[in-house]
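S.K.: Got a structure here, written out as structure tokens. Questions coming.
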Amino acid sequence: MSVRVRMAPSPTGFLHIGNVRTALFNWLFARHEGGEFRLRIENTDTSREVADATEQIQDSLRWLGLDWDGGVTFQLDRLDDCAEIARRLVEDGKAYEDEGAIRFRMPDEGVTAWDDAVRGRVEFPNEQLEDLVLVRSDGRPTYNFA
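Whatever position you read off the sequence shown (first residue = 1), add 38 for our numbering.
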């Protein structure tokens, strides 16, 4: 299994300690596993975007010694790709439209489980999980739609 992790800050301000913690943990995990650490700017909230925040985010990560693999990705540049993937998910019955939004169809029965490196086996009954919104009703992908 190859590891690919990301940090996806919003340029609505500068990095805070929570952003740095996420970046550091993801960077360390990627480097330890021989995987990729990607930087995606979550620039979908244009009304709150702060001038120079994107440059400050990159400068801060460089100052911390946290390099990323590949170029910086901007979520708004990926709208066509996200729309195509969402369309295919709907077509395949894995997602559905809900009042203009697109939601990922979670199973109704059974459990969703994974093996976590820290907590061990983690399980959630599927009836407790909501169908995640992948694309907002205005067509913008959500943060979770990587």
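Ideal Cβ placement from N, Cα and C applies to all residues, glycine included.
Predicted model, so just to flag it, every value in this text is computed and none were measured.
Out of curiosity, what's the CA-to-CA distance linking L127 and F142?
M.R.: 8 angstroms
S.K.: T111 and R78: beta carbons closer than 7 angstroms?
M.R.: Taking 7 angstroms as the Cβ cut-off, T111 and R78 qualify as a contacting pair.
S.K.: Output the boundary residues of the beta strand (DSSP E) element that contains E161.
M.R.: G158 to P163
S.K.: Give the DSSP-derived three-state secondary structure of F50 in the structure shown.
M.R.: In the sequence on display, residue 50 carries Thr and not Phe. Here T50 sits in coil by DSSP.
S.K.: Could you name the residues of the same chain whose beta carbon sits closer than 8 angstroms to that of N64, not counting the 5 residues immediately before and after it, in chain order?
M.R.: V43, R44, M45 and F75
S.K.: Quick test of your reading: A91 and F52, contact by CB under 8 angstroms. State the CB separation rounded to the nearest angstrom.
M.R.: 6 angstroms
S.K.: As a quick exercise: from Q96, Q166 and D119, pick the residue whose alpha carbon is nearest that of G109.
M.R.: Q96
S.K.: Is L114 buried or exposed, if buried means 16 or more other CB atoms sit within 10 Å of its CB?
M.R.: exposed
S.K.: Sorted by chain position, which residues of the same chain lie with C-beta nearer than 8 angstroms to L102's C-beta, five sequence neighbours on each side aside?
M.R.: V58, A61 and L62
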